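In what follows, a structure is listed as structure tokens, so that the remarks can point back to it.
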Amino acid sequence: MSKTTRKKIIAGNWKMNKTRPEARQLVEAILAGTGGRQHLPVVILCPPFTSLADTIDAVRDTGIQVGAQNMHDKTAGAFTGEISAPMLTDIGVTHVIIGHSERRQLFGETNSSVNLKLKSALAHKLTPILCVGETLDERDANLTDSVVRRQVAAALHDIDKSATDHLIMAYEPVWAIGTGKVCEADEADRVCKLIRATISGFFQNQEANQSGSQRHNCGDNMPVLYGGSVTHENAPQLLAKPDIDGALVGGASIVAEKFLGIIDSAQRLVQLAPSPV
Ligand code: PGA
Numbered sequence: 044m045s046k047t048t049r050k051k052i053i054a055g056n057w058k059m060n061k062t063r064p065e066a067r068q069l070v071e072a073i074l075a076g077t078g079g080r081q082h083l084p085v086v087i088l089c090p091p092f093t094s095l096a097d098t099i100d101a102v103r104d105t106g107i108q109v110g111a112q113n114m115h116d117k118t119a120g121a122f123t124g125e126i127s128a129p130m131l132t133d134i135g136v137t138h139v140i141i142g143h144s145e146r147r148q149l150f151g152e153t154n155s156s157v158n159l160k161l162k163s164a165l166a167h168k169l170t171p172i173l174c175v176g177e178t179l180d181e182r183d184a185n186l187t188d189s190v191v192r193r194q195v196a197a198a199l200h201d202i203d204k205s206a207t208d209h210l211i212m213a214y215e216p217v218w219a220i221g222t223g224k225v226c227e228a229d230e231a232d233r234v235c236k237l238i239r240a241t242i243s244g245f246f247q248n249q250e251a252n253q254s255g256s257q258r259h260n261c262g263d264n265m266p267v268l269y270g271g272s273v274t275h276e277n278a279p280q281l282l283a284k285p286d287i288d289g290a291l292v293g294g295a296s297i298v299a300e301k302f303l304g305i306i307d308s309a310q311r312l313v314q315l316a317p318s319p320v
């Protein structure tokens, strides 16, 4: 199967930034910069909860999609301050970031809470953008591959392989997030490939254990993004790699010109790609 079937995806994680008027301005600038263009990558904007509805209104009929940055795994109940998957889909949210390292490090999210959120998102037809990645200590101790494999396996525990049709993965090395230290493109590509292979292997094993049936690569069409200090300067090298299907962008996603520059890089690669025969 040709890898070109996977489209490039540029997702913007605004984190806790932008009031509603500021969000409206940013979306307008992004729309002005992308409007009427051909060969756009898939663009997903992930504003804070308070600007989700406005952003959804603003991007209606433009092809740009909107994601949340987090959700609770339960659908309703006594969970003060939380937002559930049905609340998100109700207003037209289509994607949700799950397991971002800031949630894991600052808000106590664990591999098992990530697993519950992933199940709830999939059950409510939200496309999860599932983040995994190692800390600097883990990288220095040569633990990158084992950490990433463990996070992937724990997140997918008890989840059916059909999930890979509705899942976006993001490799986000913690040491690269918000630090200006981008992961070198070949290394980011290697880990993205490892993530795809891990997921494929995970479901092949599950399938073999369940039925002894024919194995197939269920991860082939699943997008794997890179995130961590992506800018319009380093995006061309990263996005040109065969196993990096796009970028999850933090800091540079809240400045229209910078985000548009990253979209441009993805767009140029799509234009350069040979058309499928
Ligand atoms: P950054 O953040 O681009 O600011 O490093 C990426 C992320 O947190 O998803």
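Start counting the sequence shown at 44; every next residue gets the next number (the numbering used here). Virtual Cβ for every residue (Gly too), placed ideally from N, Cα, C. Small disclaimer: the values here were computed from a predicted structure and weren't measured.
query = For S163, which of T118, N277, D203 has the nearest alpha-carbon?
reply = When C-alpha distances from S163 are compared across T118, N277, D203, the shortest belongs to T118.
Quiz prompt | Cutoff 7 angstroms; reference I134; Cβ partners in own chain excluding five residues on either side | solution = Taken in chain order, the residues that qualify are L95, A96, I99.
Taking only the alpha-carbon atoms, compute the straight-line gap between T47 and L169 and give it to the nearest angstrom.
-> Caution is warranted here: a pLDDT of 48 is assigned to T47, below 50, making its placement in the model unreliable, and the coordinate value is therefore given only provisionally. T47 and L169: Cα-Cα distance of roughly 24 angstroms.
**Message:** Just to check my reading of the structure: M114 and V85 have Cβ atoms closer than 8 angstroms, yes? What is that Cβ distance to the nearest angstrom?
**Reply:** Rounded, the Cβ-Cβ distance is 21 angstroms, inconsistent with contact.
Less than 9 angstroms between the C-beta atoms of A219 and S272, yes or no? Cβ atoms of A219 and S272: closer than 9 angstroms.
Kindly examine the ligand PGA and report whether one of its heavy atoms sits closer than 8 angstroms to the Cβ of K58. Answer for K58: yes, Cβ within range of the ligand PGA.
Practice prompt. Would you identify the three-state DSSP class for S127, choosing helix, strand or coil?
Written response: Correct three-state label for S127: strand.
What residues are listed by DSSP as bridge partners for G289?
DSSP lists I52 as the beta-bridge partner residues of G289.
So what does DSSP say about A283, is it helix, strand or coil? If DSSP states are grouped into helix, strand and coil, A283 belongs with coil.
Query raised in the report: In terms of residue numbering, what span does the alpha helix (DSSP H) encompassing A111 cover?
Result: A111 -> not in any alpha helix (DSSP H); beta strand (DSSP E) instead, spanning 108-111.
**Asked** Using the rule of at least 16 other Cβ atoms within 10 Å of the residue's Cβ for burial, across every protein chain shown, is D307 buried or exposed?
**Response** Buried, since its Cβ has 16 or more Cβ neighbours within 10 Å.
* Cβ-based burial, Q314 [other Cβ within 10 Å; buried from 16] -> By the 10 Å Cβ count, Q314 comes out exposed.
Practice prompt. Run the proximity test for I306: is its beta-carbon closer than 8 angstroms to any non-hydrogen atom belonging to the ligand MN?
Written response: For the structure depicted, the ligand MN is absent and the ligand set comprises only the ligand PGA.
Excluding five sequence neighbours on each side, which residues of the same chain lie with their C-beta closer than 7 angstroms to the C-beta of F92? Here the set comprises A111, I126.
Discussion item. So the candidates are S144, R80, V136, A101; which of them puts its Cα closest to the Cα of K58?
Written reply: For the residues S144, R80, V136, A101, the minimum Cα distance to K58 belongs to S144.
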